[in-house]
Each structure stands twice: as C-alpha cells, then as structure tokens.
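Visitor: First, the structure itself, so that you have it in front of you.
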Amino acid sequence: MENSTQLILRQSEALAGRQVLVVEANDSALMSLDVGADIHVHADDFTIGAQQWAPAPSIPDNIDLLILPLPKSGDRLRFLLNWLAGEIQAPVEIWLVGPAKGGIKGALKHFDIHVDISELVDSARHCKLYRGMLQPGEKQTLKSWGEVIAVDELTAVSYPGVFSHGRLDEGSRLLLDALQQNTLPKPGKVVDVGCGAGVLSITLARQGWQVQAMDVSATAVASCKISLERNGLQGQVSGGDLFSPVSGRVDMIVTNPPFHDRRLRTTDITRRLIQEAPRHLKEGGEMWLVANRELPYVQWLDQAFRHVQVAAETNRFRVYRAVL
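Start counting the sequence shown at 615; every next residue gets the next number (our numbering).
Here's what the structure looks like:
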C-alpha cells in the first residue's frame, strides 16, 4: 500500500458516509478502502483495475469529495485540475495528497488556482494531505491539451502524462535511427510495447508494418490512436499490461520500456518484458529495445534470445537487437 493511501486511511472519520471519486489512482489498494464511504475510482494506469480507465475522469452526479493523488508530472496535474473544474457546476471539496519530497509543496501553486483556500489536513508517512473547495471552471477537451511532435516527415500527438510529453526523447530518436539504418525483416506484424505517443508506431506503419501498439496508460493509448489518425495510418492500439492484448506470434517487437513505476526507479517491468517476449515472436523474430546504457538488460537478453547485438549507442543510450 502506498504511503499516500495510508494517509487517506487515517481520514476514515472524515470519509464516513461520503460519495468519493478518487482521480488518477496510483495504488490498487484505493479500490478497497474500508472507510465507510462509497468510493469510485478513476485511473490512467490499466493495472489499477479502476471502474474508470480513461485519460480523464467523469464525475458522477452524487460525488461530494474528490481525492487526487499527486500525479508524477506538473503538466498532468495542471490538466487534471483544469479538467475537474470544468466538469462541475458548483464547488466540490477536493483533497490533494502526495509525498512531502515528491513535489507536493510546489504543486500547491497549481492547486491554489482552482480552490478557494487550501489547508493542510494531515502529515504522516512522509506525505501531506491538503484540502480546498474546487471552484467550477471552463469546460476542457483532451484535444486542446495535445502537443505536436515532429517525427521526420510525420507528426505525433502527446497529451499530458504521456512519456516525454511534447518532445521526441533521445532514446526513441536513437531507436528510430537504428531501425532506419539496419536491414529489418520484411514488413509483417509488429508490436510496439509501451507505445506512448506512438512515434515508433507511426514510423513502422508508414513502412508497411501491421502495427499493434499497447500501453498501460489510457492517455498514451489515446495519444497513439490520434497520432496514427493524424498521419492517415492504420494500426491497432490497446490498453494492457505488457503483452496481455497480444494474440498469436509476430515478426518483430519494438520498445522503449520504462524504468520507473510511477515515482520509483525499477527494472522489473523490462525484465518481465524481455522474459515474455520470446513466446510472442515467430522463429527468427526480432526485438528492438532502447535503454539507458547503464541498465543491466544485456544479460537478460542473452538468456532469452539466440543472438543479441548492440545496434547503436551514445554516451547515454544503447539500442539492442535481439533475434529469437
């Protein structure tokens, strides 16, 4: 259970009898809080298992309390506060909760724009909880928050909360260059794991690949879909946990995998990805992966694949080509 969830649990007396919407849940434990309240949960993260898996929440009519765990990025926080303000007709109580050293004090400047007066309610387990009355604001659209990214002759669209929002990150650029500079298999079926805004998907779709893109983030799925549409390209985009949406075997897997799980640095996600990849590839199929060069992925790749090579590298990143 996240520390911020434990801080919410401390408020059981204040929560009793309330109609609560948790926005952008970051902990599956929020689905089953025993606090005497009727709790509805929205999440961008597929693995939470929330009632709402969507880029932005809808607010049921009877909700009298919004709880917002601090998002990872400031852009995402600003988007969600503006979105929530645009979804209400009258003031609604809102709680902002997050790590004391995770940026919550800096987040108050955005919170205070939308509430009457913010007050510190509780502080424990290295987290803080603030409350205020959220004031109604202008109705928002996801489209209006999109940022266009140039990807060679193509363009991708990212929304707040998507990895590398508004820019083409250095790792993806290196992977794109490596894919263009090496001889790939004849275009067939390719899976883009952790598709983000879809910069890899649109490039491969333009080259004739049958793209299946997937991401744990509902916002990333929406971004990838609009990126394909914007360029007049076809592809299947799904939400899921790593390869869960994939059926059958494919010719190639491409990925720029995360090494953070929410705010924590981890290699567990990529280790699972590497271990599971062979069962989704055809004989002789390839996986292309880009990562920070200091991460220990080559040993896992060597265990899972017949042949592994470094296809490109800089002083920060390394592109691996692994053949089954």
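From the three backbone atoms N, C-alpha and C, an ideal C-beta is built for every residue, glycine too.
Just tell me which of P801, L814 and V804 has its CA closest to the CA of A764.
Guide: Residue L814 is the option with its Cα nearest to A764.
Visitor: Tell me K742's beta-bridge partners as DSSP assigns them.
Guide: Beta-bridge pairing links K742 to G712 and S737.
Visitor: Using 8 Å as the limit for Cβ to Cβ distance, is V776 near chain D?
Guide: Note that chain D does not occur in the displayed structure, where there is just one protein chain.
Visitor: Which class does K719 belong to by DSSP, given the choice of helix, strand or coil?
Guide: Helix.
Visitor: With a threshold of 8 Å, are at least 3 pairs of Cβ atoms found where one atom belongs to the segment 733 to 747 and the other to the segment 705 to 722?
Guide: Touching, yes, given that three or more Cβ pairs across the two stretches are closer than 8 Å.
Visitor: Jot down the residue ranges of each uninterrupted beta strand (DSSP E) in the segment 796 to 845, minimum 3 residues, whole runs only, in chain order.
Guide: Here the runs fully enclosed are 803 to 807 and 824 to 829.
Visitor: Tell me the DSSP secondary structure of I731 in three-state form.
Guide: Here I731 sits in coil by DSSP.
Visitor: According to DSSP, simplified to helix, strand and coil, what is L629?
Guide: Helix at L629.
Visitor: Relative to the C-alpha of W902, which residue among L635, V637, D652 and E927 is closest?
Guide: Of the candidates L635, V637, D652 and E927, the one whose C-alpha sits nearest the C-alpha of W902 is E927.
Visitor: Can you tell which of P859, F777 and I816 has the C-alpha that lies nearest to the C-alpha of F873?
Guide: It is F777.
Visitor: Looking only at its chain, what residues have a beta carbon closer than 7 Å to the beta carbon of R920, apart from the 5 residues adjacent to it on each side?
Guide: Once the five neighbours on either side are set aside, the close Cβ partners of R920 are V937 and L938.
Visitor: Indicate the three-state DSSP secondary structure (helix, strand or coil) for H874 in the structure shown.
Guide: Any answer about H874 is weak, because its pLDDT of 47 lies below 50 and its placement is not dependable; what the coordinates show is given next. DSSP places H874 in strand when its eight states are reduced to three.
Visitor: Three or more C-beta pairs closer than 8 Å, one from the segment 635 to 652 and one from the segment 674 to 690: is that the case here?
Guide: Short answer: they touch.
Visitor: Mind checking which residues open and close the alpha helix (DSSP H) that includes Y911?
Guide: Taken as a continuous stretch (DSSP letters only), the alpha helix (DSSP H) holding Y911 covers Y911 to A918.
Visitor: Does any heavy atom of the ligand MN sit closer than 7 Å to the C-beta of N617?
Guide: Here there are no bound small molecules, and the ligand MN is not part of this structure.
Visitor: G700 lies in the alpha helix (DSSP H); which residues open and close that run?
Guide: From DSSP, the alpha helix (DSSP H) with G700 extends over G688 to E701.
Visitor: If V807 sits next to I867, beta carbons under 8 Å apart, how far is it from one beta carbon to the other, in whole angstroms?
Guide: So it is a contact: roughly 6 Å between Cβ atoms.
Visitor: Any idea what DSSP makes of F857, helix, strand or coil?
Guide: F857 falls in the coil class under three-state DSSP.
Visitor: If we ignore side chains and look at the alpha-carbon of each, how far apart do G700 and E767 end up?
Guide: Roughly 36 Å between the two C-alpha positions.
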